[in-house]
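Everything below concerns the one structure shown next.
2 protein chains.
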Amino acid sequence: MMNIREEAHRMKLVAPKLAATKEEVRNAALAAIAENLKAHQQEIFAENHKDLDAARENGISDAVMKRLKFDEGKLKSVVDGIAQLIILPDPVGKVQFRRSLDEGLELERISVPIGVIGVIFEARPDALVQISSLCIKSGNCAVLKGGKETTYTNRILFKLIVEALSKAGLPEGILVQAEQHNEIDELLQCEGDVDLLIPRGSNTFVQYIMNHTKIPVMGHADGVCHIYVDEEISDALTILVDAKTQYTAACNAMETVLVKRSIAGSFLPKLYDAMTAAHVTMRGSEEVKCFLGERGKDFEVMAEDAYHKEYTDLICSVKCVENVEEAVEHINRFGSHHTDSVLTNQKEVAEYFLQMVDSAGVYHNCSTRFADGFRYGFGAEVGISTSKLHARGPVGLEGLMTYKYKLRGHGQIVGDYASGVKEFHFKDL
Amino acid sequence: MMNIREEAHRMKLVAPKLAATKEEVRNAALAAIAENLKAHQQEIFAENHKDLDAARENGISDAVMKRLKFDEGKLKSVVDGIAQLIILPDPVGKVQFRRSLDEGLELERISVPIGVIGVIFEARPDALVQISSLCIKSGNCAVLKGGKETTYTNRILFKLIVEALSKAGLPEGILVQAEQHNEIDELLQCEGDVDLLIPRGSNTFVQYIMNHTKIPVMGHADGVCHIYVDEEISDALTILVDAKTQYTAACNAMETVLVKRSIAGSFLPKLYDAMTAAHVTMRGSEEVKCFLGERGKDFEVMAEDAYHKEYTDLICSVKCVENVEEAVEHINRFGSHHTDSVLTNQKEVAEYFLQMVDSAGVYHNCSTRFADGFRYGFGAEVGISTSKLHARGPVGLEGLMTYKYKLRGHGQIVGDYASGVKEFHFKDL
Chain C
1 MMNIREEAHR MKLVAPKLAA TKEEVRNAAL AAIAENLKAH QQEIFAENHK DLDAARENGI
61 SDAVMKRLKF DEGKLKSVVD GIAQLIILPD PVGKVQFRRS LDEGLELERI SVPIGVIGVI
121 FEARPDALVQ ISSLCIKSGN CAVLKGGKET TYTNRILFKL IVEALSKAGL PEGILVQAEQ
181 HNEIDELLQC EGDVDLLIPR GSNTFVQYIM NHTKIPVMGH ADGVCHIYVD EEISDALTIL
241 VDAKTQYTAA CNAMETVLVK RSIAGSFLPK LYDAMTAAHV TMRGSEEVKC FLGERGKDFE
301 VMAEDAYHKE YTDLICSVKC VENVEEAVEH INRFGSHHTD SVLTNQKEVA EYFLQMVDSA
361 GVYHNCSTRF ADGFRYGFGA EVGISTSKLH ARGPVGLEGL MTYKYKLRGH GQIVGDYASG
421 VKEFHFKDL
Chain H
1001 MMNIREEAHR MKLVAPKLAA TKEEVRNAAL AAIAENLKAH QQEIFAENHK DLDAARENGI
1061 SDAVMKRLKF DEGKLKSVVD GIAQLIILPD PVGKVQFRRS LDEGLELERI SVPIGVIGVI
1121 FEARPDALVQ ISSLCIKSGN CAVLKGGKET TYTNRILFKL IVEALSKAGL PEGILVQAEQ
1181 HNEIDELLQC EGDVDLLIPR GSNTFVQYIM NHTKIPVMGH ADGVCHIYVD EEISDALTIL
1241 VDAKTQYTAA CNAMETVLVK RSIAGSFLPK LYDAMTAAHV TMRGSEEVKC FLGERGKDFE
1301 VMAEDAYHKE YTDLICSVKC VENVEEAVEH INRFGSHHTD SVLTNQKEVA EYFLQMVDSA
1361 GVYHNCSTRF ADGFRYGFGA EVGISTSKLH ARGPVGLEGL MTYKYKLRGH GQIVGDYASG
1421 VKEFHFKDL
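Protein chains in written order, with the working numbering: chain C, 1 to 429; chain H, 1001 to 1429.
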């Protein structure tokens, strides 16, 4: 069995070599990955069948089976993703600024890869390919741990990826696959070697990672997204149903609807009917129940602090608020700073909402489900961050970069500037 | 006594209001601070004398006394700092990119303040003014905790600052001063309300903060900076003595000299004489002792793992390495990823070093002491970060910002894009 600590330590030494590789080599490696996957598709599908058979025996639900499946459609989509990634500009070695501090003393800030990244992701074989590709493009080493339900598929995909990297001439050992669940705990201990952890998965799982490591963690535990209905715009119900039901398990699905009190009497019954037709159960405040009249006879009244709840299911919380100010207060208090939307045709109301809601994504007249790296045009994402430090919202290549300052002189010492013999002139170049 | 948790919670609600203030108002507040400090300088100096008297009674060292002192010179320098800050461009509300995702669906990324920041800083009254000013300019609320040795001075400075903010029309309660040491532990518990902690101080103290909070921490515990002497360039000794002695307590002071083996015989005795003349004690490998010959008779040979040591004193570690590759390996292993410098006239050697050393600052032919926000032309700094996430190196205004994505539509839902009814067109605007 692999020792993750040793692997991570070894990887830390390789990381500067990968960071120094040329764009052409990294892009050639990506192209080689796509080629190798296509060339061995029958083997991949065969291994995937083993995972699917095991899943079926374990009585896995249809929704999860869909995610486990790796067929021609999925292969095409990961291959297309790689092609998109190849044409994106190189994120490595960008000069972010250049400044002359004094005659012959020149400061530059350059983008560099973060180094060694640990990604723990759900049982989706396409995720393994996407994450590996993002790491290669951005010059980062990675320890990858996928879900155990896709063991066979991940193993063959990983083998094909590593073969391609080696042929393309990238340094050896820049990607490592962890297969055992206990290796996650080993990975959490790799501070000093692993620079960043990106866990994807359930709230409980991400919270566990955050509480058991000294390594910085990027991601989100909760996705408590809101839509505030200030006005019944023409597409209001369509947006609300899309945000709740288009993919309930997603972190950007809506969990709470806030409705302006003055429109509640006319709007809430329509919302109830639309949600019921979409198989969504509403629960919320006593006031909402009251506005629902007859319809509300089985309506569950919930406690105030339950508005923190992320359902990831066909359930949603509903509450009346007086105005946009109260909506913003509710969202900043009960939300998870992920993505929140306002429906209104009043420009000032919308701008107030976009300004005052303290979330990674603040939307006007559209569904919260747009919060996604692909839909933002980033090509792919390694995750979505609700942290305010480093990357926020969907995280693409840029979120996998840091920078370093290079200072070039010819003998300058600080003593001369402290004593006043010399003075800085600060000229941006 | 103040309840920090309640204060932080209240501050969290004020933060979006401060973030929404106009540049003119924040700049006017800064100007009012400078005015108020100048108008009440005699009171400030009188309070500062109380701190100085107490310090003298407690037998505080001369070096520390110098830092505690707040005289006309210090006042002038903080007032000049504020003037510089006022003319810097507004970091708030910058459009970082704008992209049309589809007809009438427009994505923008806007810079926004981080929110509520807790800064715990050393006993230096000028730090209180600098940090407050940086927070105001960047639209951030702050909980400030200074060293107890400057209690009287901090109290009057804080009072004058708050008076100025209030007159300028900024929201109430955007700055809070913590005065009791036990309030630090309260502050560490304010996750959810405090977005970022910036501790400045000793290694042990910063480590304590990092290990006792769930709030993200920006800063550095260690500053183990290196200079690798690949070649004896003309200013080599001057640079080495400056980097070690110009301010030994600073995190960017050099702790370890690495010397290329092929020049060690001629260079080490000169280094020894220069360091001895500057009252610096050298210690290091057996090999260095041997190269020192007669001079090395009292030279302390140290264990390999002691190269992790940050002395912050007139002591330095010395070691021979075969070449730049070995120097880079040593630095990436024993360093703290802060700032490291190479001395050489060989361009390829320098570029290899700048590329491969994994530190926030990588320097060529100059002193490590240049790693500082003022010397980089940032106007001021809230600290220096050795983290690779978010800000790295000296942290000025930019490090106090995050961003949010604003998406404006007119009824768009994700279902239409998932089903293929609509397609994204991704046009950068």
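For every residue, glycine included, the Cβ atom is placed at its ideal position computed from N, Cα and C.
Item, Value
"Touch test, the region 10-20 of chain C against the region 139-152 of chain C, Cβ-Cβ under 8 Å, three pairs minimum", "yes"
"Partner residues on chain H for C:Met254, Cβ-Cβ distance less than 9 Å", "The premise fails here: C:Met254 is roughly 11 Å from chain H at the closest Cβ pair, so nothing lies under 9 Å."
"Whole beta strand (DSSP E) elements within the region 1097-1163 of chain H, 3-residue minimum", "1105-1113, 1116-1120 and 1141-1145"
"Length of the line joining the Cα atoms of H:Arg1067 and H:Ala1055", "11 Å"
"Nearest residue (CA-CA) to H:Leu1170, options H:Cys1135, H:Arg1109 and H:Arg1261", "H:Cys1135"
"C-beta neighbour in chain C for H:Lys1309, strict 8 Å", "no"
"Buried or exposed (CB count within 10 angstroms, at least 16 for buried), H:Gln1346", "exposed"
"Beta-carbon spacing of H:Ala1418, C:Gln84 below 8 Å", "no"
"Coil, strand or helix - H:Tyr1417 by DSSP", "helix"
"Where the alpha helix (DSSP H) through C:Glu255 begins and ends", "It is not in any alpha helix (DSSP H) - C:Glu255 instead sits in the beta strand (DSSP E) that spans Met254 to Lys260."
"Given C:Asp416 as reference, the closest of H:Ser1367, H:Ser1317 and H:Arg1392 once Cα atoms are compared", "H:Ser1367"
"Members of the region 215-248 of chain C that neighbour chain H once the beta carbon cut-off is set at 9 Å", "Pro216, Met218, Ile233, Ser234, Asp235, Ala236, Thr238, Ile239, Val241, Asp242, Ala243, Thr245, Gln246 and Tyr247"
"Residue from H:Arg1369, H:Ser1234, H:Lys1145 and H:Cys1190 whose Cα sits closest to the Cα of H:Ala1123", "H:Lys1145"
"Per DSSP, cross-strand counterpart(s) of C:Ile198", "C:Val119"
"Coarse secondary structure for H:Pro1016, derived from DSSP in three states", "helix"
"Contact with chain H by C:Tyr208, beta-carbon distance below 8 Å", "no"
"Three-state secondary structure (DSSP) of C:Glu191", "strand"
"Assigned exposure category for H:Ala1303 - 16 Cβ within 10 Å defines buried", "exposed"
"Same chain, Cβ closer than 7 Å to C:Thr248, five either side skipped, listed in chain order", "Thr312, Asp313 and Leu314"
"Cut-off 6 Å between Cβ atoms - residues of its own chain near H:Leu1101, not counting five sequence neighbours on either side", "Leu1107 and Phe1424"
"Minimum Cβ-Cβ distance from C:Leu397 to chain H less than 8 Å", "no"
"Spatial distance of H:Ser1166 from H:His1181 (CA atoms)", "27 Å"
"Backbone secondary structure at H:Ile1033 - three-state DSSP", "helix"
"N-terminal and C-terminal residue of the beta strand (DSSP E) that H:Tyr1403 is part of", "Met1401 to Gln1412"
"Buried or exposed by the 16-neighbour rule on C-beta atoms within 10 Å, applied to H:Asn1027", "buried"
"Chain H residues whose Cβ lies nearer than 8 Å to that of C:Cys290", "What C:Cys290 touches in chain H: nothing, since even the nearest Cβ is about 29 Å away."
"Which listed residue (C:Cys316, C:Phe334 and C:Val194) has its alpha carbon closest to that of C:His308", "C:Phe334"
"Cβ pair H:Thr1238, C:Ile413 closer than 8 Å", "yes"
"Residue range of the unbroken beta strand (DSSP E) whose run includes C:Lys319", "Ile315 to Val321"
"Chain H within 8 Å of C:Asp195, Cβ atoms only", "yes"
"Which listed residue (C:Thr339, C:Val288, C:Gly296 and C:Val217) has its alpha carbon closest to that of C:Glu322", "C:Val288"
"Proximity of C:Leu429 and C:Arg98 at Cβ, strictly below 8 Å", "yes"
"Pick from H:Leu1196, H:His1226 and H:Gln1130 that is closest to H:Lys1214, judged by C-alpha positions", "H:Leu1196"
"Status (buried if at least 16 other CB within 10 Å, exposed otherwise) for H:Ile1082", "buried"
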